[in-house]
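Trainee: Numbering-wise, the working numbering comes out as the position in the sequence shown, counting from 1, plus 34.
The C-beta atom is built at its ideal place from N, Cα and C for all residues, glycine as well.
Here it is: the structure, laid out below.
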Amino acid sequence: MFFDNVIYRGYERLLTGEIRKHRIPRHIAVIMDGNRRYADRLGIVRNLGHTYGARTTEWFLDWCWELGVKQATIYAFSTENFSRPKPERAKIFEIIAKKLDELADDPRTHERRMKVSAIGETHLLPAHLRNAIRRVEDATCNYDGIHLNIAVAYGGQREILDAVQDMARKVRAGKLRADEIDESVVSRHLYTNGVADSDVDLIIRTGGDIRTSNFLPWQANGSECAAYFCAPFWPEFRKIDFLRAIRVYQMREHEQKQSALIRTANMLAACGYAEMGDVISHLRGVTRHRHPGQSR
35 MFFDNVIYRG YERLLTGEIR KHRIPRHIAV IMDGNRRYAD RLGIVRNLGH
85 TYGARTTEWF LDWCWELGVK QATIYAFSTE NFSRPKPERA KIFEIIAKKL
135 DELADDPRTH ERRMKVSAIG ETHLLPAHLR NAIRRVEDAT CNYDGIHLNI
185 AVAYGGQREI LDAVQDMARK VRAGKLRADE IDESVVSRHL YTNGVADSDV
235 DLIIRTGGDI RTSNFLPWQA NGSECAAYFC APFWPEFRKI DFLRAIRVYQ
285 MREHEQKQSA LIRTANMLAA CGYAEMGDVI SHLRGVTRHR HPGQSR
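As structure tokens, this is what we get:
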């Protein structure tokens with residue numbers, strides 16, 4: 035066990051050192067999947083799975099802070115989750131409310147100037163949870179450090195539908211012209227307007243499923259967003275899993291830059307502005323730089 039811990043800590047330090055040499059994603063979104071399956075595997079009540087998952091969320095926020103991530107969005111409760119048994123829903127709401135109250139009182143929240151916001155159809159939530167949301171939002175509303183966005187009673191399709199309906203009402207009222215609607219206008223009508231950056235750099239899903247489950251479909255649909263799917267259930271998600279996810283983002287960004295360079299070189303050569311041999315020599319010089327996350 036001691037040897038395993040030494041190896042783990044060494045690998046964690048190695049990954050951290052490599053990742054810090056390259057661009058850290060500004061906005062990370064997480065689908066925290068697997069709490070119930072984790073509890074089932076251990077033979078414990080499912081409520082404890084959600085409790086252990088909440089503990090991992092706290093660690094995740096620490097990791098984001100350590101690496102300088104500016105914004106984190108976590109999928110705490112989807113609109114589809116309302117179909118779960120009432121006792122389970124009640125326990126989940128209780129855990130979320132408790133954690134929000136702890137965030138409002140946690141010295142780290144205020145030291146980090148962490149702004150906490152909820153996104154979703156919060157009017158569907160029980161009163162005690164809405165009150166907990168209000169308390170933590172009021173306590174952190176003036177902060178400008180890391181932003182934590184909690185997606186609760188959230189559904190991506192519903193968010194887009196609400197945005198479309200809102201824009202339609204404004205068009206009918208003469209407050210908005212149809213030909214003015216573009217990507218930026220749509221973004222301003224989403225739940226995340228004024229709360230989160232519209233673009234997500236990296237989306238992480240635990241629990242083994244390779245899908246994004248109606249989570250931030252507009253915000254995470256840009257060509258720059260990377261996705262990382264991993265097998266561990268959320269309660270057993272470790273820091274090295276988090277670091278590996280960031281490494282995937284950095285590798286993807288590196289590959290995109292290389293692809294852009296090659297396309298530019300081909301265009302210049304085709305237009306007669308550069309000899310292909312000279313361009314290739316330049317690209318070889320660029321690619322000599324270490325690929326992010328090269329070591330395993």
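Can the beta-carbon of residue 62 be found less than 8 Å from the beta-carbon of residue 98?
Mentor: Position 28 of the sequence shown holds residue 62. Position 64 of the sequence shown holds residue 98. Cβ distance < 8 Å, so residue 62 and residue 98 count as in contact.
Trainee: Looking at C-alpha atoms only, which residue of 192, 156 and 102 is the closest neighbour of residue 55?
Mentor: As a working mapping, residue 55 is identified with position 21 in the sequence shown. Among 192, 156 and 102, the Cα nearest to that of residue 55 belongs to 102.
Trainee: Which residues does DSSP list as the beta-bridge partners of residue 111?
Mentor: Locating residue 111 in the sequence shown gives position 77, counting from the first residue. Per DSSP, 186.
Trainee: By Cβ distance, which residues of its chain are closer than 7 Å to residue 242, with the 5 residues on each side in sequence left out?
Mentor: For this step, residue 242 is matched to residue 208 along the sequence shown. Around residue 242: 265.
Trainee: Flag this pair as touching only if the stretch 184–193 and the stretch 112–130 have three or more C-beta atom pairs under 8 Å; answer yes or no.
Mentor: Touching, yes.
Trainee: From the DSSP output, read off the bridge partner residues of residue 105.
Mentor: Along the sequence shown, one-based indexing puts residue 105 at 71. According to DSSP, which records beta bridges pairwise, residue 105 is partnered with 61 and 181.
Trainee: Please go through the stretch 227–279 and give each complete beta strand (DSSP E) segment of 3 or more residues, from N-terminal end onward.
Mentor: The stretch 227–279 contains these whole beta strand (DSSP E) runs: 236–239 and 260–263.
Trainee: First and last residue of the beta strand (DSSP E) that includes residue 79?
Mentor: By 1-based counting over the sequence shown, the position of residue 79 is 45. Looking at the DSSP string, residue 79 is not in any beta strand (DSSP E), and its letter there is neither H nor E.
Trainee: Would you list the residues sitting across from residue 152 in a DSSP beta bridge?
Mentor: As a first step, residue 152 is located in the sequence shown; it is residue number 118 there, counting from the start. In the DSSP output, where bridge partners are listed per residue, residue 152 has 184.
Trainee: Is residue 176 helix, strand or coil by DSSP?
Mentor: Numbered from its first residue, the sequence shown carries residue 176 at position 142. Three-state DSSP puts residue 176 in coil, outside helix and strand.
Trainee: Taking C-beta to C-beta, are residue 204 and residue 210 nearer than 8 Å?
Mentor: The residue given as residue 204 occupies position 170 in the sequence shown. The residue given as residue 210 occupies position 176 in the sequence shown. Yes, they are a contact pair.
Trainee: What whole-angstrom Cβ distance do residue 148 and residue 109 have, given they're in contact under 8 Å?
Mentor: Counted from its first residue, the sequence shown places residue 148 at position 114. Counted from its first residue, the sequence shown places residue 109 at position 75. So it is not a contact: roughly 18 Å between Cβ atoms.
Trainee: Where does residue 209 fall in DSSP's three states?
Mentor: Working through the sequence shown from its first residue, we reach residue 209 at position 175. In the structure shown, residue 209 sits in coil (DSSP, three-state: anything other than H, G, I, E or B).
Trainee: In this structure, does DSSP put residue 89 in helix, strand or coil?
Mentor: Within the sequence shown, residue 89 is the residue found at index 55, counting from 1. If DSSP states are grouped into helix, strand and coil, residue 89 belongs with the helices.
Trainee: How should residue 175 be labelled, buried or exposed, when 16 other C-beta atoms within 10 angstroms of its C-beta is the threshold for buried?
Mentor: The sequence position of residue 175 within the sequence shown is 141, counting from 1. That one is exposed.
Trainee: Tell me whether residue 66 sits in a helix, a strand or coil according to DSSP, three-state version.
Mentor: Here residue 66 is taken as the residue at index 32 of the sequence shown, counted from 1. DSSP places residue 66 in coil when its eight states are reduced to three.
Trainee: Alpha carbon to alpha carbon, what distance is there between residue 284 and residue 85?
Mentor: Here the question's residue 85 lines up with position 51 in the sequence shown. Here the question's residue 284 lines up with position 250 in the sequence shown. Cα to Cα, residue 85 sits roughly 32 Å from residue 284.
Trainee: Classify residue 340: buried if its beta carbon has 16 or more other beta carbons within 10 angstroms, exposed otherwise.
Mentor: Nothing about residue 340 can be read from this structure; the chain reaches only from 35 to 330.
Trainee: Is residue 234 near residue 224, with beta carbons less than 8 Å apart?
Mentor: Numbered from 1 along the sequence shown, position 200 holds the residue referred to as residue 234. Numbered from 1 along the sequence shown, position 190 holds the residue referred to as residue 224. Taking 8 Å as the Cβ cut-off, residue 234 and residue 224 do not qualify as a contacting pair.
Trainee: Could you round the C-beta distance between residue 274 and residue 46 to whole angstroms and report it? I think they count as a contact, below 8 Å.
Mentor: Stepping through the sequence shown from its first residue, residue 274 is reached at position 240. Stepping through the sequence shown from its first residue, residue 46 is reached at position 12. Sure, about 5 Å apart at Cβ, within 8 Å.
Trainee: First and last residue of the alpha helix (DSSP H) that includes residue 127?
Mentor: Translated into the one-based positions of the sequence shown, residue 127 becomes position 93. Segment 120–139, the alpha helix (DSSP H) holding residue 127.
Trainee: Quick check on DSSP: helix, strand or coil for residue 41?
Mentor: Here residue 41 refers to the residue found at position 7 of the sequence shown. Residue state, collapsed to three classes: helix.
Trainee: At the level of alpha carbons, what is the spacing between residue 41 and residue 237?
Mentor: Walking along the sequence shown from the start, residue 41 turns up at place 7. Walking along the sequence shown from the start, residue 237 turns up at place 203. Taking the straight line joining both Cα atoms gives about 28 Å.
Trainee: Using the Cα positions of residue 213 and residue 197, report the straight-line distance between them to the nearest angstrom.
Mentor: Position 179 of the sequence shown, counted from the first residue, corresponds to residue 213. Position 163 of the sequence shown, counted from the first residue, corresponds to residue 197. Between residue 213 and residue 197, the C-alpha separation is close to 16 Å.
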